[in-house]
Each structure stands twice: as structure tokens, then as C-alpha cells.
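Worksheet: the structure to be examined is printed underneath.
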Amino acid sequence: MDTIQKYKEVFINHLQVTEDQLSTLTYQSVSTWDSVGHMGLMANLEDAFDIMLDTDDIIDFSSYVKGKEILAKYDVKL
Amino acid sequence: MIEFTSINFRTWAKLGQRGAFFGVAVFDIAEQYPKLMIVTADLGFLSGLERFMNQHPQKFVNVGIAEQNMIGVSAGLADEGHIVFATTYATFITMRSCEQVRHYLGYMQSNVKIVGSGAGLVMGFSGNTHYTIEDLSMVRAIPNITILSPADATESVKIALAAANHNGPVYVRLTGELNNPMVYKEDYPFEIGKAVVLRPLGNVTVFATGSMVYNAIKAAEILEAKGILVRVVNIHTIKPIDEAAIMESTQISKLLVSVEEHSKIGGLGAVVAECITQFGVAVPLLRLGIDDAFKHCGNYKYNLEQNGLLPEQLASAIENRYIAL
Numbered sequence: 466m467d468t469i470q471k472y473k474e475v476f477i478n479h480l481q482v483t484e485d486q487l488s489t490l491t492y493q494s495v496s497t498w499d500s501v502g503h504m505g506l507m508a509n510l511e512d513a514f515d516i517m518l519d520t521d522d523i524i525d526f527s528s529y530v531k532g533k534e535i536l537a538k539y540d541v542k543l
Numbered sequence: 323m324i325e326f327t328s329i330n331f332r333t334w335a336k337l338g339q340r341g342a343f344f345g346v347a348v349f350d351i352a353e354q355y356p357k358l359m360i361v362t363a364d365l366g367f368l369s370g371l372e373r374f375m376n377q378h379p380q381k382f383v384n385v386g387i388a389e390q391n392m393i394g395v396s397a398g399l400a401d402e403g404h405i406v407f408a409t410t411y412a413t414f415i416t417m418r419s420c421e422q423v424r425h426y427l428g429y430m431q432s433n434v435k436i437v438g439s440g441a442g443l444v445m446g447f448s449g450n451t452h453y454t455i456e457d458l459s460m461v462r463a464i465p466n467i468t469i470l471s472p473a474d475a476t477e478s479v480k481i482a483l484a485a486a487n488h489n490g491p492v493y494v495r496l497t498g499e500l501n502n503p504m505v506y507k508e509d510y511p512f513e514i515g516k517a518v519v520l521r522p523l524g525n526v527t528v529f530a531t532g533s534m535v536y537n538a539i540k541a542a543e544i545l546e547a548k549g550i551l552v553r554v555v556n557i558h559t560i561k562p563i564d565e566a567a568i569m570e571s572t573q574i575s576k577l578l579v580s581v582e583e584h585s586k587i588g589g590l591g592a593v594v595a596e597c598i599t600q601f602g603v604a605v606p607l608l609r610l611g612i613d614d615a616f617k618h619c620g621n622y623k624y625n626l627e628q629n630g631l632l633p634e635q636l637a638s639a640i641e642n643r644y645i646a647l
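Chains as they are written, first to last, in this note's numbering: chain V, 466 to 543; chain W, 323 to 647.
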């Protein structure tokens, strides 16, 4: 599985959204991406890409698009 | 049904003890106990209750900034057969509501579980008014209240479930911040009143509770590199204390140490001191905790450093005392 597909699948599986929702998906735009869902999403991304996100990046991770920028800092090329 | 899996442990760690308790465990409790009620004093969102409030509005009561009233309302609900969790910051629930806690939970033994979040020094720049450094001392002097203090977010989930199952009043003391360091990476059996030996070998025994369990483990690792083997025991139940675990430690240790994010007066160190005095054994006890002073406030790490509670500082204090034996 390529990296971008892996990134998409974490969102789709964890937040129970469809692929066509991803490009505009932001924190709290769906009920599953609340504060609890956010931390589960972060843990699943860490697990998928074998990284450890800094607290500042966890707080800054406000959307599907922003997440790509943040993961780039961890050498995850999407 | 909650699954104790590694990915969940990691998620809960990110949520912190409070988020794991009120964002995860309470849903399991709500399934098991239809008469669950959660009462707060204006701290729904800040307690991580956002999801619960949305999904179970009929099981949630916000009394506003009225902590004493919160305890009275909670006791009334409990006396009508509900299992009640009441929550706000630890300093408010134990100090501002102290008389109500004493009378409704201690004296009347209403089945209320009070959950104090942000205990210790984690409230940072909110300052000394929001720090909770005397709660263990106060609450453990009140009869009939079980006191629980989780070491990490996973144990916070375990404690939430255990408190719901426990028939009687409970005080749960939540410490640490988001991204709470993980003490437990695998599932383990939890029982109220039964301490957990996390590092079994050594002739120094450190009793630690809450956020300080992780720091004690890190201090033990530092000392091991210097040739000093240190046992670490997680005292997740302050009352009733596991006397057997303390007694056993007095028999195999040259030095006992207590570590807590609480005043050195009246908390875990005092409990251990009372036990060894009662046993009539003579093992030195080094008590590490928050100094008997109101210091300048700062961020969490700064506050811990001011009180010598960072791992390197704990290791240094233990080493110095051990060498001086």
C-alpha cells in the first residue's frame, strides 16, 4: 500500500468517513472527530507510520490537509 | 466493552488520565449501569465529557460553578439508587466541598465517586489557587472514603471501572497532563487496595503514586546504571493502604522512599510512615514530594523541578540518602 493510501485509510477507518469527504475534512466537522476521536486518530497515525508526534503537532493537526504538512516533518512523504 | 490493547493504551495516554476516564471509560460504565449519572460544576468540556454530554444528555448534570451544591445533588441522586460520578478540579472538589464530602460521602456513605482532575501541580499558570497539594491529607482523614490514584491513563480507565463496581464513596485523584507517560504497555490485573510491584529487585524500595510512578521508574533506571538496584511499587490505592506490600518491603529493603505529587505532609509518605511505625520496624524512610510552601507558579515541568520531582532529581536524592546509610 502506498503512503498516501495508508494515510487516507487511517482517516476512513478511524473516523468512519468516506474518501470523498477527506479533502475538506477538518477537526469537529464530523461527530467522530471530536477531542476523543482526535487522540485516537493521532495514535493510529503514529502506529501506521511508526512515528511519535510532538504535543504541539497533535494540537496543530486541524485537518486532513494540515496533517500532510505535519507528517512531512516526520519524513512521511504524502 | 473496553479492549485493553496497545493502540488503545497509546490513545488513552494522549488523552491523559482525565480524558481516558471521561472520554472512554464512562461509556463502558454507562452500558453496564443504566443508572449512571455524571455531575459537574461547570467543567464538562474541560473534563473531556464532550462526547458523553452529546450522547447521554439525560445522564449528565451541570450545576454551574457551585461545587458544594454538586456534592449535595450527587448524594441525592446516589440515595435514589444512581451510581454517581461528580467531577471538577481536584482542589475545588476536595477543599471547597470538604464539609459536604465529609458529611455526604464520609458520614452518610452515599455512593458517590468524586473525581478530582488536575491534581498536584499540573495546572501550571493557573497558579497556586488551582494546585492541589493537600487533598490526600484531607480526604484520607475522613472515614469511609476509598482513595484511588492512577499511575497513567490506562490505570485511570481501570480505576474508573473499579470505582463503578465498588459499593461506597470513592475519591479518584487524577494527575498529569495530555500525553501522559505510559507506565503500562500490557494489560494487567487491577484490584482496589492491592499495590503493584513494577520493578521487583533491589534493596531500595520506592513507593510511588499517580504521575510520580513513571518518574520513579525513570529514576530507578538512572540508579541501576550506577549499580543501585531499586524496587518500584505503584500505590494506586492510598486508602485502604496495602499494608502487606509495605510490610514485605520493610523486610527486604535497606531504604524506603515515598514519591508523590502532593505535599510531603499527610500524603503517601505519611501513610508509609504510619505503617512502619505501627509495624515497629526501623527502616529509614525518605519522603519526596511537594515542599511545605507556596512557590512561584510556572509550567508543569518547572513546578516539578522546583520540588525536586523530576527523574534525575529523584535519583540524586535517593542516591545521596543511600550512600549516607
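Note that the Cβ used here is the ideal one computed from N, Cα and C, for glycine as well.
Strictly under 8 Å for the Cβ-Cβ distance: is residue i near chain V by that measure?
| i | result |
| --- | --- |
| W/Val-346 | yes |
| W/Leu-578 | no |
| W/Lys-623 | no |
| W/Arg-373 | yes |
| W/Leu-653 | The question about residue 653 of chain W has no answer here: the residues shown for chain W are numbered 323 through 647. |
| W/Gly-370 | yes |
Within 10 angstroms of the Cβ of residue i, are there 16 or more other Cβ atoms? Answer buried if so, exposed if not.
| i | result |
| --- | --- |
| W/Ile-539 | buried |
| W/Tyr-411 | buried |
| W/Tyr-493 | buried |
| W/Lys-507 | exposed |
| W/Leu-577 | buried |
| V/Thr-520 | exposed |
| W/His-618 | exposed |
| W/Pro-379 | exposed |
| W/Tyr-429 | exposed |
| W/Gln-600 | exposed |
| W/Leu-590 | buried |
| W/Met-323 | exposed |
| W/Phe-616 | exposed |
| W/Asn-487 | exposed |
| W/Met-359 | buried |
| W/Asn-433 | buried |
Listing by chain order, which chain V residues have their CB less than 8 Å from the CB of residue i?
| i | result |
| --- | --- |
| W/Arg-332 | Ala-508, Glu-511 and Asp-512 |
| W/Gln-329 | Per the sequence presented here, residue 329 of chain W reads as Ile, with Gln not at that position. Those within 8 Å of W/Ile-329 in chain V are Ala-508, Asn-509 and Asp-512. |
| W/Gly-341 | Ser-500, Val-501 and Met-504 |
At a Cβ threshold of 8 Å, is residue i touching chain W?
| i | result |
| --- | --- |
| V/Thr-520 | yes |
| V/Val-501 | yes |
| V/Ile-516 | no |
| V/Met-466 | no |
| V/Ile-544 | The first residue shown for chain V is 466 and the last is 543, placing residue 544 of chain V beyond what the model contains. |
| V/Gly-505 | yes |
To the nearest angstrom, report how far apart residue i and residue j are at their CA atoms.
| i | j | result |
| --- | --- | --- |
| W/Asn-556 | V/His-503 | 30 Å |
| W/Arg-418 | W/Leu-365 | 15 Å |
| W/Arg-373 | V/Tyr-539 | 30 Å |
| W/Leu-610 | V/Leu-506 | 37 Å |
| W/Ala-482 | W/Gly-440 | 16 Å |
| W/Ser-448 | W/Asn-621 | 9 Å |
| W/Pro-356 | W/Asn-376 | 16 Å |
| V/Ser-528 | V/Asp-499 | 12 Å |
| V/Glu-476 | V/Leu-487 | Strictly speaking, residue 476 of chain V in this sequence is Phe, with Glu absent from that position. When rounded, the distance between both Cα atoms is 8 Å. |
| W/Val-579 | W/Val-526 | 8 Å |
| W/Asp-457 | V/Phe-514 | 42 Å |
| W/Asp-564 | W/Lys-516 | 6 Å |
| V/Leu-480 | V/Ser-496 | 9 Å |
| W/Ile-405 | W/Ile-436 | 11 Å |
| W/Lys-623 | W/Gly-446 | 9 Å |
| V/Leu-510 | V/Ile-516 | 8 Å |
| W/Gly-549 | W/Ala-530 | 21 Å |
| W/Ala-567 | W/Tyr-536 | 19 Å |
Mapping DSSP to helix, strand and coil, what is residue i?
| i | result |
| --- | --- |
| W/Tyr-510 | coil |
| W/Ser-419 | coil |
| V/Ile-544 | Outside the shown range of chain V (466 to 543) lies residue 544 of chain V, about which nothing can therefore be said. |
| W/His-452 | helix |
| V/Val-482 | coil |
| W/Ile-467 | coil |
| W/Phe-447 | helix |
| W/Glu-583 | strand |
| W/Asn-629 | coil |
| W/Ala-530 | strand |
| W/Ile-563 | coil |
| V/Ser-496 | coil |
| V/Val-530 | helix |
| W/Thr-409 | strand |
| W/Val-348 | helix |
| V/Tyr-539 | coil |
| W/Thr-362 | strand |
Along chain V, which residues have their Cβ under 9 Å away from the Cβ of residue i?
| i | result |
| --- | --- |
| W/Ile-324 | None at all; the shortest Cβ gap to chain V is about 13 Å. |
Residues of chain V with CB under 7 Å from residue i, in chain order?
| i | result |
| --- | --- |
| W/Asn-501 | Thr-520 |
Just the chain W side, please: which residues come within less than 9 Å of residue i by C-beta, in chain order?
| i | result |
| --- | --- |
| V/Ile-523 | Lys-336, Leu-500 and Asn-501 |
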